[in-house]
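There are 2 protein chains.
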Amino acid sequence: MSAPLRIALAGLGTVGAGTLTLLRANAATIARRAGRPIDIVAVSARDKKKRRGLDLSGCTWHADPVAMAVLPGIDAVIELIGGSDGIAGRVVEAAIEHGKHVVTANKALLAHRGTELAKRAEAKGVSLGFEAAVAGGIPILKVLREGLAANRVTRIYGILNGTCNYILTRMRDERAEFADVLADAQRLGYAEADPTFDIDGIDTAHKLTLLAAVAFGGAVDLGAVHVEGIRHVSAQDIEYAGELGYTIKLLGVARPTERGLEQRVHPCMVPQTAPIAHVEGVFNAVVVEGDAVGRLMLEGRGAGAAPTASAVVSDLIDIAAGRGAPGFGVPAKALRTPKTAPMARHRGAYYIRLMVSDRPGVIADVAAALRDEQVSMEQMLQRGRAKAREAVPVVITTHETEEAAMRRAMARIGKLKTVLESPCLIRIENL
Amino acid sequence: MSAPLRIALAGLGTVGAGTLTLLRANAATIARRAGRPIDIVAVSARDKKKRRGLDLSGCTWHADPVAMAVLPGIDAVIELIGGSDGIAGRVVEAAIEHGKHVVTANKALLAHRGTELAKRAEAKGVSLGFEAAVAGGIPILKVLREGLAANRVTRIYGILNGTCNYILTRMRDERAEFADVLADAQRLGYAEADPTFDIDGIDTAHKLTLLAAVAFGGAVDLGAVHVEGIRHVSAQDIEYAGELGYTIKLLGVARPTERGLEQRVHPCMVPQTAPIAHVEGVFNAVVVEGDAVGRLMLEGRGAGAAPTASAVVSDLIDIAAGRGAPGFGVPAKALRTPKTAPMARHRGAYYIRLMVSDRPGVIADVAAALRDEQVSMEQMLQRGRAKAREAVPVVITTHETEEAAMRRAMARIGKLKTVLESPCLIRIENL
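Sequences listed follow chains X and Y, in order. Under this note's numbering, think of the first position of the first sequence as 10, with each following residue one higher. Under this note's numbering, think of the first position of the second sequence as 10, with each following residue one higher.
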């Protein structure tokens with residue numbers, strides 16, 4: 010067996026501790042599959058005194074992770090500090106500059122600077138592994154880059170944020186409202202104190218743009234992602250979704266169109282018959298549609314210490330075994346920023362819910378607004394007469410239409426005097 | 010870009026033609042990801058005159074695939090002839106002997122001779138790729154070998170035969186009997202004229218034992234697989250399964266136990282809440298349970314020209330890119346035959362259905378037989394009095410018990426005069 014792969018680990022939070030623990034617990038199995046041992050020889054974290062319950066014997070301690078990353082005798086650096094600016098990026102840069110392989114779970118950093126960092130790594134002849142940055146333990150990047158390498162991908166979509174899927178699942182199962190479930194999720198540790206990144210779709214956008222870059226072989230283009238979160242999804246909409254044969258999921262969707270690459274994150278009505286509709290709670294899933302393979306779905310844990318460590322260590326094993334593959338599947342210097350398909354030109358079906366006053370002519374006004382934009386209704390649900398002056402819901406689903414037309418119709422409908430609240434719109438995804 | 014990888018293709022059936030077509034259709038994408046073009050330069054098939062609609066220009070034709078496999082100037086041989094004995098094995102042997110990489114979709118050959126062939130390939134320093142042999146387009150071998158390489162796998166199970174899953178899905182949806190659906194499936198081309206390999210579980214056993222070898226890093230051990238097919242599954246059992254919250258699937262299951270490696274193929278009652286319960290029709294799925302990653306499921310097309318070609322070409326791309334990984338995840342010379350856990354010692358829950366004459370004392374006799382073997386009943390369903398002398402069904406589910414005890418109880422129950430047909434037993438899988 011060859012010499013060990015010598016690792017410096019920057020960051021000893023949940024994932025860092027999990028990585029250290031996994032490398033030790035399964036050391037023999039890992040060495041057998043990697044062809045050599047993988048040893049953590051240096052660690053760095055903010056607070057040396059913090060009690061972590063980790064045995065750090067055999068590791069040197071470094072207050073400065075950047076200084077650690079460039080030490081001679083280190084073969085690879087694991088960056089688990091996080092954040093798109095600040096120290097994490099400097100650790101990665103320094104490691105690459107000094108010819109060390111890098112493995113990171115930092116989706117924000119990669120989403121902002123992935124192409125640039127991949128080019129730097131390629132120029133230095135080192136690997137940049139980021140399997141752990143997307144969908145935790147699901148080895149989707151390896152599957153796209155290698156397992157499905159013979160395919161032209163025609164669409165990729167996924168449930169990429171466990172917090173959102175947990176909230177939406179509980180809202181449906183308990184017929185509860187978003188704010189109540191979020192508060193409870195925060196109490197239970199399934200949502201952060203500041204949940205913005207998760208529930209506003211930003212975390213999903215980071216992961217989607219990395220998936221899209223690997224799937225389509227282009228530069229990472231975070232700015233091109235259309236992003237909406239789940240704050241505006243109501244218990245009522247989830248109930249209507251069920252009645253119409255759908256489940257509401259926050260999806261990231263990317264696909265090449267004639268107008269360019271479409272990348273979008275928003276709540277979707279997905280048919281209950283679609284495999285992804287059954288992905289519940291904190292689980293993540295990614296569906297790849299390839300011209301040869303057809304539909305392939307991977308479902309697993311998208312977060313947590315051990316699943317994320319599983320992905321981090323798989324990258325290390327590839328490095329130890331000398332199985333280099335370019336991080337984005339093709340040489341980094343060939344990565345070009347794709348043309349962006351404008352969201353206004355997106356075509357799809359829509360669900361809208363209006364709260365209207367129950368009086369003659371309301372439906373006629375709404376229908377006229379849709380008709381004037383060439384939006385064709387598929388179904389309408391109008392139910393039970395409310396008490397006098399109470400708003401009643403009207404739910405409409407449309408046939409496929411253009412986003413811009415839909416937005417114009419919604420703007421006009423929103424201004425009707427008989428429409429009492431801001432209309433709710435959720436896109437229907439044809440899966 | 011480097012020199013092309015020069016390929017000889019043995020076998021031009023469905024998958025062979027699909028591979029040729031895919032390599033040409035996506036040639037640019039494939040070359041970009043592989044770092045070099047992949048060219049088929051030689052082909053061999055039984056009948057040169059057969060009309061295949063393939064453009065074979067640029068390929069030399071060879072009547073003898075073994076002679077083709079050893080030609081100088083060939084870098085890799087694709088074996089798509091099939092069969093565990095005969096010409097396919099000789100093509101693979103000859104190619105390896107002459108230092109050519111080999112890619113094959115031949116599960117029967119690998120299930121019988123996988124370890125030996127992997128050792129030969131390793132000794133010659135060539136790759137033996139067989140991603141296409143298990144679950145068609147699902148890149149499960151790469152995922153096990155590389156993506157989940159940091160994990161100790163605690164259980165692996167899957168729906169590995171699309172024909173069986175198609176038949177069971179239609180039996181449930183149409184409340185139809187096995188023989189009728191099989192006949193229709195044969196008419197539609199979803200089942201072979203001689204369906205034995207599929208419906209008796211042999212094909213699933215081939216794939217399971219390959220999965221187990223990769224997941225647990227041992228020698229392929231087909232003889233150790235307990236195999237039952239789906240011929241005895243009735244529409245009635247499928248209906249009861251639904252009532253009890255289960256779906257019936259033909260699963261291959263492998264897991265290490267204290268008594269050795271358990272490998273078994275049989276119809277299973279799986280909870281309707283389990284993700285694999287939703288895998289319908291011809292789709293395949295594999296679930297891996299790893300100590301770090303937790304539960305990971307992959308679902309996709311397990312057969313067909315294009316999905317299987319996707320897997321064949323992914324192996325070629327790895328070879329072209331110089332990403333060698335041992336076929337079974339660890340060096341072949343280290344592969345040892347695992348100790349086998351005897352099926353009689355298997356522990357699990359059971360579903361049994363008896364057809365009894367509706368008279369006093371029947372249940373008491375059945376209950377006594379179970380009690381004497383320490384089998385604890387979980388539920389019993391006994392329904393509607395039949396016309397005089399007509400058999401009535403009694404359905405019992407048990408708590409976890411040992412297979413041997415269950416078999417003894419069933420033998421005794423089967424001999425009761427009041428039990429009118431041979432009892433039906435289906436294992437319940439705790440997922």
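For every residue, glycine included, the Cβ atom is placed at its ideal position computed from N, Cα and C.
- F292 (chain Y): first and last residue of the uninterrupted alpha helix (DSSP H) it sits in: Going by DSSP, F292 (chain Y) is part of no alpha helix (DSSP H) but of the beta strand (DSSP E) stretching over F292 to G299.
- Pair within 8 Å by beta-carbon distance, E131 (chain X) and P340 (chain X): yes
- Taking the alpha carbon of I437 (chain X) as the point to measure from, which residue in X:A54, X:T256, X:F139 and X:I96 has its own alpha carbon closest? X:T256
- Query: Mind pulling the chain Y residues with CB within less than 9 Å of R86 (chain X)?
  - Reply: It is Val, not Arg, that sits at residue 86 (chain X) in the sequence shown. V86 (chain X) does not reach chain Y, its nearest Cβ partner there being about 18 Å away, counting only Cβ pairs nearer than 9 Å.
- Query: What is the DSSP secondary structure of S243 (chain Y), counted as helix, strand or coil?
  - Reply: coil
- Task: Figure out for me which residue from X:I422, X:A343 and X:L390 has the closest Cα to the Cα of R380 (chain X).
- Result: X:I422
- For a contact meaning CB atoms closer than 8 Å, what does D182 (chain Y) contact in chain X? Going along chain X, no residue has its Cβ under 8 Å from D182 (chain Y), so there is no contact; the nearest lies around 12 Å.
- Query: Roughly how far, in whole angstroms, is the beta-carbon of V295 (chain Y) from the beta-carbon of L307 (chain Y), given that I think they are within contact range, below 8 Å?
  - Reply: About 5 Å; that satisfies the 8 Å criterion.
- Query: Within the 8 Å Cβ cut-off, does V152 (chain X) reach chain Y?
  - Reply: yes
- Measure the alpha-carbon distance for L440 (chain X) versus F337 (chain X) and round it to whole angstroms. 26 Å
- Run through DSSP, which three-state label would D207 (chain X) get? helix
- Item | Integer Cβ distance of I435 (chain X) from M180 (chain X), believed to fall under 8 Å | Wrong, their Cβ atoms sit about 13 Å apart, outside the cutoff.
- Message: Suppose you measure from the CA of I39 (chain Y) to the CA of D327 (chain Y); what does that come to, to the nearest Å?
- Response: If you take the alpha carbons of I39 (chain Y) and D327 (chain Y), they lie about 11 Å apart.
- Can you give the Cα-Cα distance for P351 (chain Y) and V236 (chain X), rounded to whole angstroms? C-alpha separation (whole angstroms): 55 Å.
- Distance, A353 (chain Y) Cα to R417 (chain Y) Cα: 10 Å
- Message: If contact is defined by three or more beta carbon pairs under 8 Å, each pair taking one atom from either stretch, is the region 195-202 of chain X in contact with the region 136-145 of chain X?
- Response: no
- Query: For the candidate residues X:G145, X:A222 and X:V371, whose alpha-carbon lies nearest to that of L363 (chain X)?
  - Reply: X:V371
- Does the beta carbon of E155 (chain Y) sit closer than 8 Å to a beta carbon anywhere in chain X? yes
- Query: For the alpha helix (DSSP H) that contains D48 (chain X), what are its first and last residues?
  - Reply: Not the alpha helix (DSSP H): D48 (chain X) falls in the beta strand (DSSP E), residues I47 to S53.
- Item | Within 8 Å, strictly: CB atoms of A37 (chain X) and P74 (chain X) | no
- Message: Under DSSP, the beta strand (DSSP E) around H121 (chain X) begins and ends at which residues?
- Response: Unbroken run through H121 (chain X) is the alpha helix (DSSP H), K116 to K133; no beta strand (DSSP E).
- Message: To the nearest angstrom, how far is the alpha carbon of A188 (chain Y) from that of G238 (chain Y)?
- Response: Spanning the two alpha carbons is a distance of roughly 13 Å.
- Item | Where N174 (chain Y) meets chain X, residues with beta-carbon distance less than 7 Å | Per Cβ cutoff of 7 Å: no residues; N174 (chain Y) is ~14 Å from chain X at best.
- Item | DSSP beta-bridge partners of G445 (chain X) | Residue 445 (chain X) is absent from the structure shown; chain X starts at 10 and stops at 440.
- Test: P316 (chain X) CB closer than 8 Å to a CB of chain Y: yes
- From A358 (chain Y) to R304 (chain Y), what distance separates their C-alpha atoms? 21 Å
- Go ahead and label P81 (chain Y) buried or exposed: buried means 16 or more other beta carbons lie within 10 angstroms of its beta carbon, across all protein chains shown. exposed
- Using 10 angstroms around the beta-carbon of G254 (chain Y), count the other beta-carbons present and answer buried if the total reaches 16, otherwise exposed. exposed
- Classify R122 (chain X) as buried or exposed, calling it buried when 16 or more other Cβ atoms lie within 10 Å of its own Cβ. buried
- Leaving aside the five residues before and after R184 (chain Y) along the sequence, list all residues of the same chain whose C-beta is less than 6 Å from its C-beta, in chain order. A244
- Message: Out of X:M389, X:A314, X:R368 and X:A283, which one is the CA nearest neighbour of G167 (chain X)?
- Response: For the residues X:M389, X:A314, X:R368 and X:A283, the minimum Cα distance to G167 (chain X) belongs to X:A283.
- Task: Establish whether the CB of E409 (chain Y) and some CB of chain X are separated by less than 8 Å.
- Result: no
- Going by beta carbon distance, what residues of the same chain come within less than 8 Å of T163 (chain Y), once the five residues before and after it are set aside? R264, P265, E298, G299 and D300
- Message: In the DSSP assignment, the beta strand (DSSP E) including S66 (chain X) goes from what residue to what residue?
- Response: Here S66 (chain X) belongs to no beta strand (DSSP E), and DSSP marks it neither H nor E.
- Query: CB of E252 (chain X) to nearest heavy atom of the ligand NAD: below 7 Å?
  - Reply: Looking for the ligand NAD in the displayed structure turns up nothing, as the structure carries no ligands at all.
- Burial state of D246 (chain X) (16 or more Cβ within 10 Å): buried
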